[in-house]
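> Residue numbers (numbering that gives the first Met the number 0): 0 to 211.
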Amino acid sequence: MTLRLPGPYKGLRIGLFGGTFNPAHSGHQHVAMQALKALKLDYVWWMPAAGNPLKHEGSSFSARFASAKRVASHPRMKVSDLEVQLGTRYSYDTIKALMPRVKGGEFVWLMGADNLRYFHKWGHWDEIASLLPIAVIARPGDARLARLSKFARRFAEWRLPAEQAGSFDKYHPPIWSYLPTPLHTASSTNIRRAALARNPFAARASSSNSGE
Numbered sequence: 000m001t002l003r004l005p006g007p008y009k010g011l012r013i014g015l016f017g018g019t020f021n022p023a024h025s026g027h028q029h030v031a032m033q034a035l036k037a038l039k040l041d042y043v044w045w046m047p048a049a050g051n052p053l054k055h056e057g058s059s060f061s062a063r064f065a066s067a068k069r070v071a072s073h074p075r076m077k078v079s080d081l082e083v084q085l086g087t088r089y090s091y092d093t094i095k096a097l098m099p100r101v102k103g104g105e106f107v108w109l110m111g112a113d114n115l116r117y118f119h120k121w122g123h124w125d126e127i128a129s130l131l132p133i134a135v136i137a138r139p140g141d142a143r144l145a146r147l148s149k150f151a152r153r154f155a156e157w158r159l160p161a162e163q164a165g166s167f168d169k170y171h172p173p174i175w176s177y178l179p180t181p182l183h184t185a186s187s188t189n190i191r192r193a194a195l196a197r198n199p200f201a202a203r204a205s206s207s208n209s210g211e
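1. Does the Cβ-Cβ distance between leucine 159 and arginine 116 come in under 8 Å?
2. How should tyrosine 89 be labelled, buried or exposed, when 16 other C-beta atoms within 10 angstroms of its C-beta is the threshold for buried?
3. Helix, strand or coil for threonine 1, going by three-state DSSP, please let me know.
4. Since I believe leucine 109 is in contact with isoleucine 127 (beta carbons under 8 Å), could you give me their beta-carbon distance rounded to a whole number of angstroms?
5. Would you mind sorting histidine 73 into buried or exposed? The rule is 16 or more other CB atoms within 10 Å of its CB.
6. Does DSSP put serine 129 in a helix, a strand or coil?
7. So what does DSSP say about alanine 96, is it helix, strand or coil?
8. The alpha helix (DSSP H) with tryptophan 68 in it runs from where to where?
9. Which whole-angstrom value describes the C-beta separation of valine 78 and tryptophan 124, a residue pair presumed to lie in contact below a C-beta threshold of 8 Å?
10. Quick one: which unbroken beta strand (DSSP E) runs of 3-plus residues sit fully inside the region 4-41? Chain order, please.
11. Valine 70 and alanine 23 - do their beta-carbons sit closer together than 8 Å?
12. Can you give the beta carbon distance from valine 43 to arginine 12, rounded, assuming they're within the 8 Å contact cut?
13. Using 10 angstroms around the beta-carbon of leucine 147, count the other beta-carbons present and answer buried if the total reaches 16, otherwise exposed.
14. Is it true that the CB of arginine 138 sits closer than 8 Å to the CB of alanine 112?
15. Identify whether arginine 88 lies in helix, strand or coil by the three-state DSSP scheme.
16. Output the distance between the C-alpha atoms of alanine 49 and isoleucine 94, rounded to the nearest integer angstrom.
17. So, helix, strand or coil for alanine 145, using DSSP?
18. What does the alpha-carbon distance come out to for the pair alanine 62 and threonine 19?
19. Who pairs with glutamate 235 in a beta bridge, going by DSSP?
20. To the nearest angstrom, how far is it from the Cα of tyrosine 177 to the Cα of proline 7?
21. With which residues is proline 47 paired in a DSSP beta bridge?
Written as structure tokens, this is what we have:
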């Protein structure tokens, strides 16, 4: 199968930014920009999830993809339907399927600290760290709980200080870092709540939605 990649990768450092993006918002853009700067990335590839096993998305993939396209308005950010192309639903399967197809590039998995709190609930969460470096970007209210998460405790000895996070290429996985960047308060959950408050019928239809 030939993948439609979002851009060049050989000899480049690329951040893989996966998420439900329901909807994508300025907080996601902030996380991507902070990672772009702190990790000296050439590009950030946004990868809206085809489907999140831990969440009921409510919105279609096309709607979530379109919201990511609107928000990722930067020449070094690309939005891709790679997960749909690969036919995967778990991040581990997506990364494992993608890596052999993009040899010659340097990739880092990006996630907000809010996701690190629950990372141990992801499929093969502990094996993801063996596939590529992980950068965790600070999110409001999650710093302490993220650093005390099961993942953070399991991989404590492989944590790279934030000031060295731009040197991921000198290490072999597992390696990860927590980036205490300036915080941005935008939240997909709050955006949905505001929209549902304006439309009570939609609120009843989407009452099972939760998470980012």
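Yeah, the Cβ is synthetic: ideal placement off N, Cα and C, and Gly gets one too.
Let me lay it out:
1. no
2. buried
3. If DSSP states are grouped into helix, strand and coil, threonine 1 belongs with coil.
4. Not really, about 12 Å apart at Cβ, beyond 8 Å.
5. exposed
6. coil
7. helix
8. At residue 68 the sequence reads lysine, which differs from the tryptophan that was named. Per DSSP, lysine 68 belongs to the alpha helix (DSSP H) from 60-70.
9. That pair is no contact at about 25 Å.
10. 12-18
11. yes
12. Not confirmed; about 10 Å, so no contact.
13. exposed
14. The answer is yes: Cβ separation under 8 Å.
15. coil
16. 14 Å
17. helix
18. 11 Å
19. For the chain, the structure presents residues 0 to 211; residue 235 sits outside this window and is missing.
20. 27 Å
21. Gly18
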